[in-house]
Amino acid sequence: MIRINLLPGPKGHKAKPQYDVRAQALLGVGLVLITLAGCWWYSASLDDEMEARQIEKADKEKQVAQLKEQVKQVSDFESRKKVLEDKNRIIDELEKSRVGPVKVLDHVSQSLEPLKLWLVRVAVTGKEIDLEGRAATNDDVVEFVNNLRRTDYFTDINLQESRSAVENQLNIYQFKLGFRLKG
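Each residue of the sequence shown is one higher than the one before, starting from 83 at the first, in this note's numbering.
Here it is as structure tokens:
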């Protein structure tokens, strides 16, 4: 006879669900493809960034070259400016030194006018003036010295020498004067 156990007894193990190998393979291939796509995208973005940096570097190098050219032009300009300033300074000094003797001769000639007197040598050194001349009489020499003293242009007028001499069978007086410019 057959026996049937109706009492609940130990149950058997549930069967594990079986995964489809194809689904797992597809999932693995999908993950690999997604990873490769991510790596490709990251590599492309790095390439784009590197290209942008290289373009930026080339632009900066162009700017540096332009700035170097401008610096060279500025330094050339400054050197030309310095040369011109030196020339202007020299011209100003020459103008001042030219005006000094011209004014000295102008004032001295105004002091000579009514007298029989002529100048042999005029030396202007800074503010010092040395004069040598000839006169018909000693009174002309004295009058000339007095005329120089009346001007507001000269100071410290000193008759250094006045002596009688004969030149071309004429009696003349040779004189030497030293004086300074005022101011």
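Ideal Cβ positions, reconstructed from N, Cα and C, are used throughout, including at glycine.
In the structure shown, what three-state DSSP assignment does residue i receive?
{"i": "Asp41", "result": "A query on residue 41 cannot be resolved here, the shown segment of the chain reaching from 83 to 265 and no further."}
{"i": "Leu166", "result": "helix"}
{"i": "Asn228", "result": "helix"}
{"i": "Gln136", "result": "helix"}
{"i": "Ile84", "result": "coil"}
{"i": "Leu89", "result": "coil"}
{"i": "Gln251", "result": "coil"}
{"i": "Lys258", "result": "strand"}
Nearest CA to the CA of residue i: which residue from the options?
{"i": "Arg262", "options": "Ser244, Glu133, Gln242, Thr237", "result": "Thr237"}
{"i": "Arg216", "options": "Leu115, Thr117, Phe226", "result": "Phe226"}
{"i": "Pro240", "options": "Ala218, Glu210, Ala140", "result": "The amino acid occupying residue 240 in the given sequence is Asn; Pro does not appear at that position. Checked all of Ala218, Glu210, Ala140; the closest Cα to Asn240 is Glu210."}
{"i": "Gly208", "options": "Leu115, Val186, Gln106", "result": "Val186"}
{"i": "Thr219", "options": "Leu166, Ser246, Lys169", "result": "Ser246"}
With a CB to CB cut of under 6 Å and the five nearest residues on each side skipped, what residues in its chain are close to residue i?
{"i": "Asp212", "result": "Ala205, Gly260"}
Within 10 angstroms of its Cβ, does residue i collect 16 or more other Cβ (buried), or is it exposed?
{"i": "Val159", "result": "The sequence given here has Phe at residue 159, not Val. When all chains shown are included, Phe159 counts as exposed."}
{"i": "Val248", "result": "exposed"}
Kindly examine the ligand COA and report whether one of its heavy atoms sits closer than 7 Å to the Cβ of residue i.
{"i": "Asn170", "result": "Annotation note on the ligand COA: not contained in the displayed structure, which lists no ligands."}
Can you list, in chain order, the residues of its chain whose CB lies under 7 Å from that of residue i, leaving out five sequence neighbours each side?
{"i": "Trp200", "result": "Gly215, Arg216"}
Original post:
In the region 195 to 224, which residue ranges form an unbroken beta strand (DSSP E) of at least 3 residues, counting only runs that do not cross its ends?
Top reply: 199 to 207, 210 to 217
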